[in-house]
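Enquirer: Structure below; questions to follow.
Protein chains: 2
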Amino acid sequence: MSGTQENLRSHCPVNYGLEAFGDRWALLILRDIIFRGKRKYGDFLQSEEGVSTNILASRLTRLVEEGILERAEDENDGRKSIYKLTPKGLDLIPVIFEIILWSAKYDKHSQAKLIPRLVQQIKSNNRELSGDIIRRVANGEAILKTYLD
Amino acid sequence: MSGTQENLRSHCPVNYGLEAFGDRWALLILRDIIFRGKRKYGDFLQSEEGVSTNILASRLTRLVEEGILERAEDENDGRKSIYKLTPKGLDLIPVIFEIILWSAKYDKHSQAKLIPRLVQQIKSNNRELSGDIIRRVANGEAILKTYLD
DNA sequence: TAACATCACTTGCGTATTGCAAGTTAAAAT
DNA sequence: ATTTTAACTTGCAATACGCAAGTGATGTTA
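One line per chain: the protein sequences are V and F, in this order. Under the numbering used here, the first residue of the first sequence is numbered 1, with each subsequent residue one higher. Under the numbering used here, the first residue of the second sequence is numbered 1001, with each subsequent residue one higher.
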């Protein structure tokens, strides 16, 4: 228990969001869960952008403290922890989708080009799409493969 | 010219967004422009969260380099610079709105309580609302006062 | 069951970034 | 001509980051 409620600079909703998840790495961890179905420390370490081990550990801890992730033990292997999105974390999916839409528009080299159907659906109805995706991600599905044409 | 295109860790659309604006202060500057109609260095310095002068200067420079803000001279006062959102910057409004929606849901002390009509409109149709707000903000309007009940 | 491998971290340490205070420069106001 | 204002810049201590190496608990292999 040491989430964003304490030591918050303001309760402006933009600021609250930034203090909770607005970090270089936090949203990339969520991206890996949502799109690639990653769940374990070792999975996250493999990210394209290259997190270092101490930073990854501290971000996972923070996201758990914020109530965005929850940590569980792997039943078959006592060394491993499993990280899952909580409802609060799943509700960041629409935010991430809007970021994707913006980047798709302004980054001329965007990898969003690989997932045109998803981009189109975000544009036409992010809210409806997100509701569907939240259900699928909550079931542990990695959504990327279903949108690669 | 030294925007996000160079030195980018990846062209993942989430990463692109984070490298362009995913900074403690960048989105708060945009918030101040959108909601409060701020345009000048001195205005931004007064933000509730307390930016320091060097950080503010470096963020404004970066946002101009990214093509999110543009800087112009004040015609009546040669000391002042005026910062305005570019189309690329205005297109971050839907992202900011999704963050507001999320914070409104999960921060029990959220100041989003002060603007329930805006929150409701974001929820029902962020895309349409944003189109409208973009036009108003492009005209220099501060939208906060029109949503305070 | 003893040796080795794997996983999830933690620790040390050099570097980069932040935050605060004070200083600078150019333009306006008096 | 002097003072004030606006927008920065500079210096420096404190924090945060990034890399490499180490640790301890658990799992696998011979």
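Cβ atoms here follow ideal geometry from the backbone N, Cα and C, with glycine treated the same way.
By how many angstroms is the C-alpha of I1115/F removed from the C-alpha of A1072/F?
Expert: The sequence position of residue 1072/F within the second sequence is 72, counting from 1. The sequence position of residue 1115/F within the second sequence is 115, counting from 1. Approximately 31 angstroms between the Cα atoms of the pair.
Enquirer: Below 8 angstroms between beta carbons: does that hold for L157/V and L1018/F?
Expert: Limits of chain V in this structure are 1 at one end and 149 at the other, which puts residue 157/V out of reach.
Enquirer: Round the Cβ separation of D1091/F and R1059/F to the nearest angstrom and send it over; I've been treating them as touching at under 8 angstroms.
Expert: As a first step, residue 1091/F is located in the second sequence; it is residue number 91 there, counting from the start. As a first step, residue 1059/F is located in the second sequence; it is residue number 59 there, counting from the start. With a Cβ gap of about 19 angstroms, D1091/F and R1059/F do not count as contacting.
Enquirer: Give a yes or no on whether 8 angstroms exceeds the smallest Cβ distance from S1009/F to chain V.
Expert: Residue numbering aside, residue 1009/F sits at position 9 when the second sequence is read from its first letter. Sequence inspection shows Arg at residue 1009/F; the Ser mentioned does not correspond to that position. It does: the Cβ of R1009/F has a partner Cβ on chain V nearer than 8 angstroms.
Enquirer: Once you ignore the five residues that flank R1009/F on each side, which residues in its own chain have a CB closer than 8 angstroms to its CB?
Expert: In the second sequence, counting from the first residue as 1, residue 1009/F sits at position 9. Here the set comprises N1015, E1019.
Enquirer: Please state the DSSP three-state secondary structure of I1099/F.
Expert: Counting from one through the second sequence, the residue named residue 1099/F turns up at place 99. I1099/F falls in the helix class under three-state DSSP.
Enquirer: Can you confirm whether K1110/F, when its beta carbon is compared against all beta carbons of chain V, has any partner nearer than 8 angstroms?
Expert: Reading the second sequence from its first residue, position 110 is the one you call residue 1110/F. The identity of residue 1110/F in the sequence shown is Ser, whereas the question assumes Lys. So yes, S1110/F belongs to the interface.
Enquirer: Using the DSSP secondary-structure output, state which residues sit across from L1030/F in a beta bridge.
Expert: Here residue 1030/F refers to the residue found at position 30 of the second sequence. L1030/F pairs with nothing; no bridge assigned.
Enquirer: Going by DSSP, name the residue or residues bridged to L1069/F.
Expert: For this step, residue 1069/F is matched to residue 69 along the second sequence. Partner(s): L1085/F.
Enquirer: Compare the C-beta of V64/V with all C-beta atoms of chain F and state if any pair is closer than 8 angstroms.
Expert: Translated into positions along the first sequence, residue 64/V becomes position 64. Chain F, which has no Cβ nearer than 8 angstroms to the Cβ of V64/V, makes this no.
Enquirer: With 16 as the cutoff for other CB atoms within 10 Å, does R1136/F come out buried or exposed?
Expert: The sequence position of residue 1136/F within the second sequence is 136, counting from 1. Exposed: under 16 other Cβ atoms inside 10 Å.
Enquirer: Determine, for D91/V, whether the minimum Cβ-Cβ distance to residues of chain F falls below 8 angstroms.
Expert: For this step, residue 91/V is matched to residue 91 along the first sequence. Output row for D91/V: interface = yes.
Enquirer: Measure the Cβ-Cβ separation of E1098/F and N1126/F and say whether it is below 8 angstroms.
Expert: Your numbering for residue 1098/F matches position 98 in the second sequence. Your numbering for residue 1126/F matches position 126 in the second sequence. Result yes, Cβ atoms of E1098/F and N1126/F sit closer than 8 angstroms.
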